[in-house]
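To keep things clear, I will list the structure first and then write my remarks on it.
Residue numbers (my numbering): 2 to 349.
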């Protein structure tokens, strides 16, 4: 892809999200999400291989369905209330339709089935954009509508945590595993959104840090299959140490950064007298922890076959800028001691 076209598409991605963030009108917010969708489609199809074209087509149809539902719900809300204000959705039917449309856009269970298949057809960079940046605008709108009855958020969140963990069990393709990881983490964000929006914001920031670190590690080694992880030591040995720590942080194990949001979410749910819900969420996260441990095992405790050295990948100097990876990996591993300072800065 020509650099000028690529730059225009990246700028359009930023423009669409910014337009949604700045909107108080349903139609402008919908336009921002559509600009986002139309900007990422050429990035998804740039490889011109059948799998990428198939993934792009699936993504387009799912996003078109969700956008049509969102526009219909917005128009219905404007018809019933007489105004287009995003924050004013007093009717249960319209707020539920809007929530489900946005849940389809970001891939929350049970509207998640497109996400692993689309991720599998993309390269890692486009998959990173789909897993992080493309979630921001719909999550902002979900935060804005805030229905009076939080049961739909609780149901979507808990179902996403369970499905995200269960779906990644027997996967061997890293991109599908990352897709199910994204579904599970979005479930944690949606679960707490009704009770503590600042905590949901902290969760998505930490999720983006961890996901960026993991995708960057895989991009650096060009790894897309679980069997390729065992040869990482021959390419970039330091990643043999850092990547398992990133995976365990995504799983939420202390003393890593990923433990912080899950711990605070469980604490907040307990404060809200939702101990059974907190228990179910904590137990369901063990499913996700299993496949993170599986990836860590494949990377550190398995060795490649005893082949001649000439068949192993050559250890060349990396062509990518590794500074962002170093910074985000450090944040992914070492931020847990900063929890008191973060709690004092955010209005929990």
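By construction, the Cβ of each residue, glycine as well, lies at the ideal position given by its N, Cα and C atoms.
As the structure is a computational prediction, the values presented were derived from the model and not from experiment.
Asked                                                                                                                                                                : Found
Between which two residues does the alpha helix (DSSP H) harbouring residue 223 extend?                                                                              : Taken as a continuous stretch (DSSP letters only), residue 223 belongs to no alpha helix (DSSP H), as it is neither H nor E.
Can you tell me whether residue 308 is buried or exposed? The criterion is at least 16 other CB atoms within 10 Å of its CB, across all chains shown.                : In this prediction, residue 308 scores a pLDDT of 48, lower than 50, which makes its location untrustworthy; the coordinate-derived value is nonetheless stated afterwards. The residue is exposed, with fewer than 16 neighbouring Cβ atoms inside 10 Å.
Candidates 196, 9, 29 and 42: which alpha carbon is nearest residue 152's?                                                                                           : 196
Applying the criterion that 16 or more other CB atoms from any shown protein chain within 10 Å of the CB defines a buried residue, is residue 288 buried or exposed? : buried
Would you list, in sequence order, the uninterrupted alpha helix (DSSP H) runs of no fewer than 4 residues that lie entirely inside the stretch 71-108?              : 93-107
Which residue or residues does DSSP assign as beta-bridge partners of residue 26?                                                                                    : 86
Residues in its own chain within less than 7 Å of residue 74 by CB, not counting five upstream and five downstream?                                                  : 95, 98, 99 and 102
Quick check: the Cα distance between residue 115 and residue 277, rounded to an integer number of angstroms?                                                         : 30 Å
Taking a contact to mean a Cβ-Cβ separation below 7 Å, would you say residue 244 touches residue 218 in this structure?                                              : yes
So, helix, strand or coil for residue 273, using DSSP?                                                                                                               : coil
Kindly indicate which three-state DSSP category residue 172 falls into: helix, strand or coil?                                                                       : coil
Considering just the uninterrupted stretch of the alpha helix (DSSP H) at residue 139, what are its terminal residues?                                               : 134-146
Between 104, 264, 63 and 203, which has its C-alpha nearest residue 283's C-alpha?                                                                                   : 264
If we count the other Cβ atoms within 10 Å of its Cβ and call it buried at 16 or more, is residue 15 buried or exposed?                                              : exposed
Does residue 223 pass the burial test, meaning 16 or more other C-beta atoms within 10 Å, or should it be called exposed?                                            : exposed
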